[in-house]
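Peer 1:
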Amino acid sequence: MTTEVNQRLRPQHPAVRPVADLVEHFGLDARGDVDGLVISGITLSSKAVEPGDLYVGLAGVHAHGAQFVDDARAKGAVAIVTDARGATLAARSGLPVLVIDDPRTALGALSAWVYRTAENPPTLFGVTGTNGKTSVAYILEALLKQLGVLAGLSTTAERRIGDFAITSSLTTPEATEVHAMLARMSEAEAEAVIIEVSAQALTRHRVDGIVFDVVGFTNLTHDHLDDYQTMQNYFEAKQPLFTPERARRGVAITDAEWGRRLARTAAIPVATVSTYPGQAADWYAAILRETIDETRFILSGPDDQSITTSIPVLGRHMAENAALAIVMLVESGVQLSAIAAAVERDGGIRVYIPGRAERIQNDGPAVFIDYGHSPDAFTSTLDSLRRVTDGRIIMVFGADGDRDPSKRQEMGEIAARLADVVVITDFHPRTEDPASIRKVLVDAATAAVPGRELYEVADPRTAFRQALSVATPADVILYAGPGHEDYHEVGGEHLPYSARDDARLALHEFGWL
Ligand SMILES: CC(=O)N[C@H]1[C@@H](OP(=O)(O)OP(=O)(O)OC[C@H]2O[C@@H](n3ccc(=O)[nH]c3=O)[C@H](O)[C@@H]2O)O[C@H](CO)[C@@H](O)[C@@H]1O[C@H](C)C(=O)N[C@@H](C)C(=O)N[C@H](CCC(=O)O)C(=O)O
Ligand SMILES: Nc1ncnc2c1ncn2[C@@H]1O[C@H](COP(=O)(O)OP(=O)(O)OP(=O)(O)O)[C@@H](O)[C@H]1O
1 MTTEVNQRLR PQHPAVRPVA DLVEHFGLDA RGDVDGLVIS GITLSSKAVE
51 PGDLYVGLAG VHAHGAQFVD DARAKGAVAI VTDARGATLA ARSGLPVLVI
101 DDPRTALGAL SAWVYRTAEN PPTLFGVTGT NGKTSVAYIL EALLKQLGVL
151 AGLSTTAERR IGDFAITSSL TTPEATEVHA MLARMSEAEA EAVIIEVSAQ
201 ALTRHRVDGI VFDVVGFTNL THDHLDDYQT MQNYFEAKQP LFTPERARRG
251 VAITDAEWGR RLARTAAIPV ATVSTYPGQA ADWYAAILRE TIDETRFILS
301 GPDDQSITTS IPVLGRHMAE NAALAIVMLV ESGVQLSAIA AAVERDGGIR
351 VYIPGRAERI QNDGPAVFID YGHSPDAFTS TLDSLRRVTD GRIIMVFGAD
401 GDRDPSKRQE MGEIAARLAD VVVITDFHPR TEDPASIRKV LVDAATAAVP
451 GRELYEVADP RTAFRQALSV ATPADVILYA GPGHEDYHEV GGEHLPYSAR
501 DDARLALHEF GWL
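Every letter in the sequence shown is one number past the one before it in UniProt numbering, and letter 90, counting from 1, is 90.
(1) For alanine 151, which beta-bridge partners are listed by DSSP?
(2) One question on the structure: do residue 514 and glycine 209 come within less than 8 Å of each other, judged by their Cβ atoms?
(3) Is valine 476 helix, strand or coil by DSSP?
(4) How many Å lie between methionine 1 and arginine 403 at the Cα?
(5) Helix, strand or coil: which one does DSSP assign to tyrosine 138?
(6) Helix, strand or coil: which one does DSSP assign to isoleucine 287?
(7) Please determine, among Val49, Leu37, Arg206, the residue with the shortest C-alpha to C-alpha distance to glycine 108.
(8) Taking the alpha carbon of alanine 280 as the point to measure from, which residue in Arg500, Gly259, Thr462, Glu294 has its own alpha carbon closest?
(9) Report buried or exposed for threonine 3, applying the criterion of at least 16 other Cβ atoms within 10 angstroms of its Cβ.
(10) Let me check understanding here. Comparing Cα to Cα, which of Val19, Asp426, Val56 lies closest to lysine 47?
(11) What residue from Leu478, His494, Leu147, Pro18 has the CA that sits closest to alanine 366's CA?
(12) Kindly provide the ranges of any alpha helix (DSSP H) runs that are 4 or more residues long and lie completely inside the stretch 219–265, ordered along the chain.
(13) Excluding the five sequence neighbours on either side, which residues of its own chain have a C-beta within less than 8 Å of the C-beta of alanine 199, listed in chain order?
(14) Excluding the 5 residues preceding and the 5 following alanine 267 in the sequence, name in chain order all residues of the same chain whose CB lies nearer than 7 Å to its CB.
(15) Do valine 49 and alanine 72 have their beta-carbon atoms positioned less than 8 Å apart in this structure?
(16) If isoleucine 326 sits next to phenylalanine 378, beta carbons under 8 Å apart, how far is it from one beta carbon to the other, in whole angstroms?
(17) State the Cα-Cα distance for the pair serine 380 and aspartate 420, rounded to the nearest angstrom.
(18) Does the stretch 110–117 come close enough to the stretch 129–145 that 3 or more CB-CB pairs lie under 8 Å?
(19) Could you tell me the boundaries of the beta strand (DSSP E) in which glycine 41 lies?
(20) Run through the DSSP bridge pairs and tell me what alanine 30 is partnered with.
(21) Rounded to a whole number of angstroms, what is the C-alpha to C-alpha distance between arginine 500 and methionine 395?
(22) Closer than 7 Å: is that where the CB of serine 45 sits relative to any heavy atom of ligand 1?
(23) Rounded to a whole number of angstroms, what is the C-alpha to C-alpha distance between serine 40 and glycine 162?
(24) The alpha helix (DSSP H) with glycine 57 in it runs from where to where?
(25) Would you say the beta carbon of glutamine 200 is closer than 7 Å to some non-hydrogen atom of ligand 1?
(26) With a threshold of 7 Å, establish whether the CB of threonine 171 neighbours any heavy atom of ligand 1.
(27) Just to confirm the assignment: which complete alpha helix (DSSP H) runs, minimum length 4, are found wholly within the UniProt domain "Mur ligase C-terminal" (355–482)?
(28) Given valine 214, which residues of its chain have a CB within under 6 Å of its CB, disregarding the five upstream and five downstream residues?
(29) Are isoleucine 100 and phenylalanine 26 closer than 8 Å when you measure CB to CB?
(30) When the distance is taken between beta carbons, is arginine 184 closer than 8 Å to proline 51?
(31) Touch check for the stretch 353–364 and the stretch 435–445: three-plus C-beta pairs under 8 Å?
(32) Report all residues from its chain with a CB closer than 6 Å to the CB of tryptophan 512; omit the five preceding and five following residues, and keep chain order.
(33) Out of Leu468, Asp29, Leu22, Thr254, point me to the one whose CA is closest to leucine 37's CA.
(34) Applying the 10 Å Cβ sphere with the 16-neighbour rule, what's the burial state of glutamate 177?
(35) Under the assumption that leucine 468 contacts alanine 506 (Cβ atoms under 8 Å), give the Cβ distance between them as a whole number of angstroms.
(36) Please report the straight-line C-alpha distance between threonine 291 and alanine 341, rounded to a whole angstrom.
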């Protein structure tokens, strides 16, 4: 697989568009001569400007983008779009300045216009929810591949079309990047594109200018309350995805009240999926067999349709994710019988989800690297592990710095209650004091289960080795947090650290690999 060095996912043969047409189309207040000027791209980061770009200077939390016009110009920007305050800052650049009241809300439409993404779009899938978005997106991509459909993928882990991939920084890219990515995927003849949509993406207009064919909702549980303060606000941030301005049809897991509320209040048709017997829903998924590396299930729907298949990942929550993906495909117009035939032929859903309950070796204690960093993610994976192992569960984890501190206590309690041994370590302390984060986790775990075998080890490499040192071959180690990531964020710096690579090294050191 190719991973592009400068992390660029833009069309290789972009449309060239006159700035005068843009000014007319959007009714912009143009300051400077735009006659004869053309643009071939758009970005809101001066660092990402390419020759021929329109640079959008947005007011941010730390700075106003218009401060960086000199950088944008030096890199080849042709014109600037900004607000009234930005226009003053940008005047010195000598470039034409196109003024609009709120450039952030116009960004999706501007980007769609520049990259012409509304013309002949592929089938567009959007996935939202607190946990499971990345997993559902990968499962959708895998199922489409099994059906012979080339799909582009945009997730927290990577953005990919065919064998071309770049690493993601945000879960959902900014609108300028979303539309550039769509244009690139269309050039590659993608028939479908799957985009993971975070609440922040909706709040910050990152998927504006897109009407998804089908959107899916996994669940809503405790996370991101630093951004949204209450679960109600967090729910309301997700809700707009299920409106005709943004999507044609929806699918929701309705096991919990938030999903049921979403389905009841959505302004578009929403098919419902439940994993609880007896609960009213359009589709019902029942688990047939759970093993340490596979989950088999049957999904039954309207008109006596059903599909029986398996996903090569631990956990009933993964079967739930797979059920959501299958119903999203059905809602997009794919026959369930065609999906059933494809997975039957291939012996199940052929998916690899990087860093989600990823088992990294076969001998000795089973080691899982997981991206779980919220109370519900911990519960789902620990419950699943308990059902498939007779040995002890040893859990290594930490909590993000500069992210929703209100979930830490619950994370510590759940780990102590559902695991047999806990190793508390550092996980992206960012600008916070790592010892204070660990203390909240240690105190919560100790209070929840006094006497639980517990180790506090700041360095994640040492922490994992501590877990290995107390493990027997019958035990399971769950390392929750880092998942697919290849860095550790400390004090604003990204230090190289891959939990998967280091765990393999440690297993080797201990003679298990
Ligand atoms: C809170 C938030 O969403 N912040 C985002 C925002 O930052 P900001 O408003 O602080 O921007 P700023 O630093 O003030 O800069 C203002 C403008 O100047 C531009 N600039 C800045 C510096 C420079 O040299 N040149 C330049 O052009 C910036 O691109 C920006 O447009 O705009 C930046 C540029 O696009 C984003 O990188 C940044 O995301 C930060 C890193 C972030 O962590 N966001 C999180 C909250 C987030 O969005 N998470 C969700 C959910 C993840 C999940 O599901 O768990 C996600 O979708 O990733
Ligand atoms: N349906 C689910 N219900 C509960 N927990 C889940 C579910 N699916 C996955 N998880 C847990 O959440 C973790 C993250 O999964 P995934 O990356 O698919 O979710 P996400 O919504 O994309 O997360 P993020 O927004 O943080 O990127 C998994 O590693 C697992 O621990």
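The beta-carbon is built from N, C-alpha and C at its ideal position, and this holds for glycine as well.
Peer 2: Checking against the coordinates, here is how it stands:
(1) In the DSSP output, where bridge partners are listed per residue, alanine 151 has Ala192.
(2) No information on residue 514 is available, as it lies outside the stretch 1 to 513 that the chain covers here.
(3) Correct three-state label for valine 476: strand.
(4) Because methionine 1 sits at a pLDDT of 40, beneath the cut-off of 50, its placement in the model cannot be relied upon, and the point is left open.
(5) Annotated three-state conformation of tyrosine 138 is helix, per DSSP.
(6) Note: isoleucine 287 maps to strand in three-state DSSP.
(7) Checked all of Val49, Leu37, Arg206; the closest Cα to glycine 108 is Arg206.
(8) Checking every option, the nearest Cα to that of alanine 280 belongs to Gly259.
(9) Note on threonine 3: pLDDT 41, under 50, position unreliable in the model; no value is reported.
(10) Taking only the C-alpha atoms, the option nearest lysine 47 is Val56.
(11) With distances taken between Cα atoms, alanine 366 lies closest to Leu478.
(12) Assignment of alpha helix (DSSP H) within the stretch 219–265, counting only whole runs of 4 or more residues, yields 225–228, 231–238, 257–265 in chain order.
(13) Hits under 8 Å: Thr128, His224, Asp227, Tyr228, Tyr234, Ala237, Lys238.
(14) Once the five neighbours on either side are set aside, the close Cβ partners of alanine 267 are Phe242, Thr243, Pro244.
(15) For the pair alanine 72 and valine 49, the CB atoms are nearer than the 8 Å cut-off.
(16) Contact flag wrong, Cβ pair sits at about 26 Å.
(17) Each residue's Cα considered, the two are about 16 Å apart.
(18) Counting C-beta pairs closer than 8 Å gives fewer than three between the stretch 129–145 and the stretch 110–117, which falls short of the contact rule.
(19) From DSSP, the beta strand (DSSP E) with glycine 41 extends over 41–43.
(20) In the DSSP assignment, the residues bridged to alanine 30 are Leu98.
(21) In a straight line, the C-alpha of arginine 500 is about 15 Å away from that of methionine 395.
(22) For serine 45, the Cβ falls inside the 7 Å cut-off from some heavy atom of ligand 1.
(23) Each residue's Cα considered, the two are about 24 Å apart.
(24) Glycine 57 -> not in any alpha helix (DSSP H); beta strand (DSSP E) instead, spanning 53–57.
(25) Glutamine 200 Cβ: within cutoff of ligand 1.
(26) Because some heavy atom of ligand 1 lies under 7 Å away, the Cβ of threonine 171 counts as near it: yes.
(27) Taking only runs of at least 4 residues, the alpha helix (DSSP H) segments lying wholly in the UniProt domain "Mur ligase C-terminal" (355–482) are 375–388, 408–418, 434–448, 460–470.
(28) Closer than 6 Å at the Cβ level, and outside the excluded window around valine 214, lie Phe125, Arg249, Met328, Glu331, Ser332.
(29) Cβ atoms of isoleucine 100 and phenylalanine 26: closer than 8 Å.
(30) If you check the CB distance, proline 51 and arginine 184 do not come in under 8 Å.
(31) Result no; under three Cβ-Cβ pairs closer than 8 Å.
(32) Only Asp363, Gly364 meet the Cβ criterion.
(33) Of Leu468, Asp29, Leu22, Thr254, the residue nearest in Cα terms is Leu22.
(34) Label assigned to glutamate 177: buried.
(35) Yes, leucine 468 and alanine 506 are in contact; Cβ-Cβ is about 6 Å, under 8 Å.
(36) In a straight line, the C-alpha of threonine 291 is about 24 Å away from that of alanine 341.
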